[in-house]
Amino acid sequence: MERSLVFAWASLLAWTSLVLTPASVESKEIFLVGSEDRPWSEFGTTPGGVIAYVEALGDVRDLADEPVFVDVPDSLGGWLMPLRLSPEFNISSDVLERGGSIDVPILARSEVDPAQLEGVLNGDHAVAYDRKFVAGRIVRNNGITIRLDLGARFGVDRIVFYPRMTEQFPFVSDYLRGYEIYLNDGQPQNLFASGQPIFTSPILREPDNRQARVDVGIEAQFVRYLELKSISPLGFEIDEIEVYGRGFVPTARYVSNVLDLGEDVVWGQINWNEIFAGNASDSELEIRVRSGSDTTPDIYYRTVSVDGVSQLLPTNSNGDTLTEASYMRLKENERGPIRVDIANWSQWQLAGNGVELNVPAPRRYFQFSIDFTNRDLTASRAVADLGFEYEKPPVDKIIAEIGPAQTQVGEETTFTYFARVVNATGRTGFSRFEVETPARVAAVRSVEIFDAQGSLLESADFSAVNLDALPAVAGALSIEEVAGNRFALGLPQVSADGALLKIVFDAAVFRYGTRFQGRAFADANTAIPLQTEGGNATADLQTDELLVRVTVGSQVAGALSVVPQIFTPNGDGINDAVQISYTVLHLLEPSPAAVRVYDLAGRVVRQFDAVQVQNGRSDLGWDGKDDGGQQLPPGTYIVQVEISSDSSTESRAHSVVVAY
Amino acid sequence: MLAVLWLAATTQPMFAQDTGTRLGSVKRGGRVDFSPKGPGVLFDALDPAVKKWYVPQELYNEYRWMQWEYTNYARESYQRYVNTSQEGDYFYDIYGNFVTRGWLVYDWQQNRPQQFGSGILKTNRYNTWFDKLIIASDSKGQYHYSLTIGDAIRTTLTPMTFSKPGFNGVQWDFAADKYSATMLLARPSRPGIATSLDIPDQKTSATNLLGGRSIVHVGDFVEVGATYLTAFQTQTLLEDFSGNPFSGGALTTDQNALPISRIIIRLADDSPQDGTGGAALFDDEIIIKDTDGNVYRGSEINFEPIREGGFQRVGYISADGDERITLTYDFTDPAYIGPDPSVIEEVSFELVLSNDYRVEVTSDRQTNIDSQPVFLLVERAEGNIRDNSNQRLLKFDYGLPTANVIFGFTLEANQIWGFDFYGEYDFNRQYRQYPNVNLNDHHKAVKKADAWMFNLSRIDDPFFAFLEAYSMDDAYSTRTYLAGTLRQDEIDYEDEAFYVYEFVDDNDDQDRRPDWTRFGQPLVDNAVFPGLDENNDFISDFNQNDTEDRENFVPDYEEPFLRYHSDRPEFLFGIDMNNNGWIDRFENDEEPDYPYGRDLRGRNLYAGVMISPEAKLTVGWLDEELISGDGRNRSAYVLFTYERDIADLGRVRLYENFRLVEDNIADNLFQWVQPPNSRGTHQRIFDPLPARDTWVNTTYAQLDYRGIPHLNFINKVKYEVYNQREEYSDLRGVSSFFGLINKADYTFEVGQIEIEPRIKSEFLHQRPFSKRDPKRRELTETLFLIARFPLLRHTLIELGLELSRFEQFRDRDGVPLHRALEPDSNSRILAVQFANAGDYLGYKLHLQTGMRLQKQTFENLPSSTTSTIFMTAYAGLER
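As they're listed, the protein sequences go chains A and B. Residue numbering for the first sequence follows this note's numbering, starting at 14 and increasing by one per position. Residue numbering for the second sequence follows this note's numbering, starting at 20 and increasing by one per position.
Structure below.
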């Protein structure tokens, strides 16, 4: 409960700080879904209908009338959460609406009447699935299996089935005389490659059933597929199969409508308020986002056969573009894939709470989805609201490219970065430009600005600038900041359509596919920059992208240097220590690195604490003392760096001389 | 009437009873020669008349039949003049030499180029006369050979390359003192089925098998062997040597009918359960080569795939957990400006990848029967790397599968410095070809995988030692696709039952039927009871009354009366090297019967001492790992066995197996599970990984007392405990199994009546691995009484009574029984059997009739009464 409280309020504070940031100081705006103005139910849909819209989370109570969610912030209302089953809710009643199905898989389709199977679910007590003996018809019932796909996963604890027992259809004697019930939770590891469920042992088995109405309780568990198997040769009929459960559904999804921001905008942070029930580790939610430039992010395809060849068409038989509604009206075997309209929309990307959105910008349209995953029936998350920042971009867009497109891994390389301004709408422009780098740059050599015709407007040579003493100003241009992962330039207001920014800098690349992302800020108060897009910014370069590649490789231990190679740790202030520098290559995750100093007899005289290192260069100073703090005798020592990756452990060694 | 009588008196007989030599020419010495002579002329027919002769020369010669003659068979009944179905046809070899007069039994022909050029004919005589088996053999001196044509030949080359209980094809074997060789030929896609219609099964495209093995003895102690196998697709429309079986076969007419218009690459996480570190895709590139030799790179012609799925990271896309990345290359996209699909000869891909990737590929020509694309594996990452430290450039060519080739070498040495050695190394090459209807020879791509093993042992009495090491790549495959098994030339890449051929079958119960359904093989097993077959009748000793004619799916330990002799496998002792809780020799899986598992690399070393002739102590160490995952099984074990037969007293057995195990490799099974009082079924059993870091001890003792004549007293006790060294959320800290079986039977006679009382008691106390499974404490006590009354000389009446009580031990009264537990029950069975064993038509005829009544009562459940009445006759050769 304490953790719940902490989590909830931490989240709330994060969100409140975002909301309360005075928008007047910055020009950013916030689009908030889940508020009174934009309620969840009107701004999105839920595939399978397993999302619940709850006004007051405190009203969600268990059978003992205890609140399921504790410590709900009073200030927030209008919650979104996965469906929580009540004991009276028959899960099977809306299987077909949910996208589930009912089938008898061991029989050919011609042997099964779909209307009868549908009658097993609709609760009408008039139509039943009939396997009774009729004169002139051979009915083999031992092994007949009815498979129910619930369309989503539910926590099931009770299963009921029975024949028609009404006055009109008095078939009480035609009940299932022997049965087995199999369950499958629909998890990928429990499905065949074809997607069909793997049923193992029956959860229930009754070879000699005497009850017309079978009403059995089972240990509550997540179920997606259910099989009811006859193990008796006798004829039977099934009027209804009812499935009941409890707790939260294990997975649920909410997909927002395509949100129209009115014009092309750039994206800032995304934030949401969430709270959990049960054990926090048993539930999680993932939010994915994408941006686009029209209102139709998905293309729906229809499968048609032309001269025996299967083809995909995005139109219906009348030639009209398929929409979600018309796609769903197609027969199942006509439904082709649903693909992202990659020309106008980005792929879904995972978003982090309080993290800047990393989807293409500027774009006018935005969409998000929320995936709830619950690993326990009592655990779930609920979301109060979700908001994201956006702002008008300083220019329409900036197309950038970098060269050379390929270099040696870990080697300082002089890169030329071109950024072409596109500003046909005459926006205000930008005065600060940042470039993301994999490590601190060694030098920013020059910055130049050209107009659309190629005439030089501004230029500055920063070759001699000490990057530790910033800002460095040269006319209207300046180097504002150099950090471990970026450098920032001050520019005169750049707004002209076609203007070209050329930056020359020295940097090292430590893994394949390093992206030099550029970001343009309108001014110092701008919170949301415009990200550059890879493309053809200039004819001087043919790369047309922001990625720099290195030789593909898996060697993680790069160069090791010890400077100076001879040092005198005598406390005179001159050459009293060495700097051990080593580079780590290719890694995407931090890995442990150990630095040791050996004497020539192979003994470890100094062992530094192991640290987790990322891609790039790491530095370490050594004062010539051993692990006991004693000054080492003069001589030659070996510095060894050992980097452990998932594949192997690699080491580099370098000699160093201690002299007095 | 007079005319008729005159005719009857004057007419010569119209045929001769003795056909003599009329169907052949007589040579010197009276020998009849049927060799062909070419067209000749009948001397009598040389009449310069306009009328044509329409009666066969033979009929004129023999019967004097003439075409204008009226035929009347009133007095002399008609006799057929030639009946080939009774006397046979005349057959000539390819040189025109007369072979024999008889019947065609088997004929396999392949003619190219022509439609339906591959034909196999198995006539009905192949079935009925020869029971689907023909053998031709010869020998001279040390040289022997045998040519076998059969539908179910037990054939093994080596256990890792070819082993089938029912090989359908042709096997040619040769053996000399120092050399031996075998050659296999088959058309597994349509092996031919004998029918009364005697119609050859003709195909244009088919999958053929060609293979063989040869062994050379080097000196007295060393044997070197080589194995080669290829199963390849062939097409009879091709001329000359196109589609060479040794270099990848050929595309079928269906595979090559249309150009590929769409290729889809799918990247996934090879260890999705950890949810992280899945495939990381940094770059992708397609390279297209046309028939003129021009090469186009996708990046140069702006041919980008549609990239779907995955998480966008900085500089790469990742497919973690259940996420998938698909790259769809659509050659019909209007933006595509590369060569027309009809002139594409070769398509290659370059992917910059890292982490725990799994790469699969499909196309619109690689589909199932519903035209849905079927993905086939290209590559899996070794291990479970998450930090990019295995980044690589993966290059592969796309093509449709055309052949699977395996070649390898074996070395066997016996008693060299006291050591015995067997080693085998096999290379697997899986060929694919890119289709283009305008080409006869297509670009070939090959996927390589290897497997090897060796065993080294030495016995230096009283010490012994054994070392085994093995490795089998995950991609190593002994299967191939079958072309056109159901429909002409088509392949459904998803349907294993009809479109997959296995070199090594799954046959865990080691009977004559493979355990899986495959086209063209003996009938599939309906029930697989792996385990002991100590009496070598191809029937598991757990289900001795299962026969081909009358299948029985109930193991003997569940059947009335039979349950006295047969005990449940969990009460028995056995080795469980893969630590999945099942004794290895009782396991059934769905994998080919390789001696070692696929995707595993490991070694096992043990050494021991024979403490006495009855006692043996073994100490060993096993270390194996998944090649493409991060699973590992490390076990240190001690095994002590003691077994002694004491004259006039009985037999004592004692087994003790103690091991320290760290095993997180899942060894899933497909076991026959027999619920109590009901019908059993095959079920997939997922390995609960009960020994992830665990002390395991298994103790088993058995005492068979035979000290008193006619009294057998058998006692078995097993205690197994898994003690977890760490805490796991799903496993009990200590799980155990205690099983005790006590059995006694005594036979005595009262006058002519033989009476045999038996008693059996089974006690089980189990704490299952999973915390979700309830503890079990169960006792089953069964009393049998069987009496035999001889009526006459060959007639017996046998009466049997079985009383059984099953009881769950409760901790407290009133606690409802867990639903997974079997309720208490009582069973009463009464059986009467009238048996006659007499001689009849040379057989020993056993006639049995009788009935069996069974009543069961259950706790809180209705009772049930069942009965069986039978009248059965068996014709045997012995009693």
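Cβ atoms here follow ideal geometry from the backbone N, Cα and C, with glycine treated the same way. Every value quoted in this text rests on a predicted model; they were computed, and no experiment measured them.
The three-state secondary structure of residue 84 (chain A), taken from DSSP, is coil. Considering only A:442, A:436, A:422, the residue with the shortest C-alpha distance to residue 407 (chain A) is A:442. For residue 619 (chain B), DSSP records a beta bridge to B:491, B:645. With respect to the 8 angstroms criterion, residue 567 (chain A) and residue 597 (chain A) are not classified as neighbours on the basis of their beta carbons. For residue 472 (chain B), the enclosing beta strand (DSSP E) starts and ends at 463-479. Beta-bridge partners of residue 625 (chain A) (DSSP): A:605. By the neighbour-count definition (other C-beta atoms within 10 Å, threshold 16), residue 518 (chain B) is a buried residue.
Across the set A:646, A:523, A:140, the C-alpha of A:140 shows the shortest separation from the C-alpha of residue 126 (chain A). A direct Cα-to-Cα measurement between residue 390 (chain A) and residue 50 (chain A) gives close to 32 angstroms. Put simply, of A:518, A:170, A:639, A:539 the residue whose alpha carbon is nearest the alpha carbon of residue 461 (chain A) is A:518. In this structure the stretch 746-761 of chain B touches the stretch 776-795 of chain B; the number of beta carbon pairs closer than 8 angstroms is three or more.
Within the stretch 260-304 of chain A, the runs of beta strand (DSSP E) at least 3 residues long that lie entirely inside it are, in chain order, 264-269, 272-290.
Residues of the stretch 397-425 of chain B whose Cβ lies closer than 9 angstroms to any Cβ of chain A, in chain order: 401, 402, 403, 404, 405, 406, 407, 408, 409, 410, 411, 412. Comparing alpha carbon positions, the residue from B:160, B:54, B:854, B:860 closest to residue 869 (chain B) is B:854. With contact defined as three or more Cβ pairs closer than 8 angstroms, the stretch 326-344 of chain A and the stretch 311-318 of chain A are in contact. Within the same chain, Cβ atoms closer than 6 angstroms to the Cβ of residue 442 (chain B) are found at 430, 473, the five residues on either side in sequence being excluded.
The Cβ atoms of residue 304 (chain B) and residue 265 (chain B) lie no closer than 8 angstroms to each other. In this structure residue 258 (chain A) touches residue 233 (chain A) by the C-beta definition: roughly 7 angstroms separates them, less than 8 angstroms. Under the DSSP definition of a beta bridge, residue 679 (chain B) partners with B:655, B:714.
In this structure residue 164 (chain B) does not touch residue 186 (chain B) by the C-beta definition: roughly 18 angstroms separates them, more than the 8 angstroms allowed. Residue contact with chain A for residue 186 (chain B): absent (no Cβ-Cβ distance below 8 angstroms to any residue of chain A).
Taking residue 424 (chain A) as the centre and dropping the five residues before and after it, the same chain places the C-beta of 521 closer than 7 angstroms to its C-beta, in chain order. Beta bridge pairing from DSSP links residue 290 (chain B) with no other residue. The continuous beta strand (DSSP E) containing residue 231 (chain B) extends over residues 224-237. Of the other Cβ atoms in all chains shown, 16 or more fall within 10 Å of the Cβ of residue 450 (chain A); this residue is therefore buried. When CB distances to chain A are screened at a threshold of 9 angstroms, not a single residue of the stretch 665-676 of chain B falls below it. Residues of the stretch 555-583 of chain A with a C-beta less than 8 angstroms from any C-beta of chain B: 560, 562, 565, 566, 567, 569, listed in chain order. Following the DSSP letters along the chain, one finds residue 340 (chain A) in no beta strand (DSSP E) but inside the alpha helix (DSSP H) bounded by residues 337-341.
By the C-beta density criterion, residue 563 (chain A) is buried, having at least 16 other C-beta atoms within 10 angstroms.
Within the stretch 566-640 of chain B, the beta strand (DSSP E) runs of at least 3 residues that lie entirely inside it are, in chain order, 619-629.
The alpha-carbon of residue 863 (chain B) is positioned some 6 angstroms away from that of residue 894 (chain B).
Excluding sequence positions up to five before and after residue 384 (chain A), its CB lies within less than 6 angstroms of the CB of 266, 299, all in the same chain and listed in chain order.
For residue 494 (chain B), the closest Cβ of chain A is not nearer than 8 angstroms. Checking the DSSP bridge columns, you'll see residue 343 (chain B) partnered with B:287. Residue pairing by DSSP puts residue 420 (chain B) in a beta bridge opposite B:451. The C-beta distance from residue 375 (chain A) to residue 279 (chain A) rounds to 5 angstroms, short enough to meet the 8 angstroms contact threshold.
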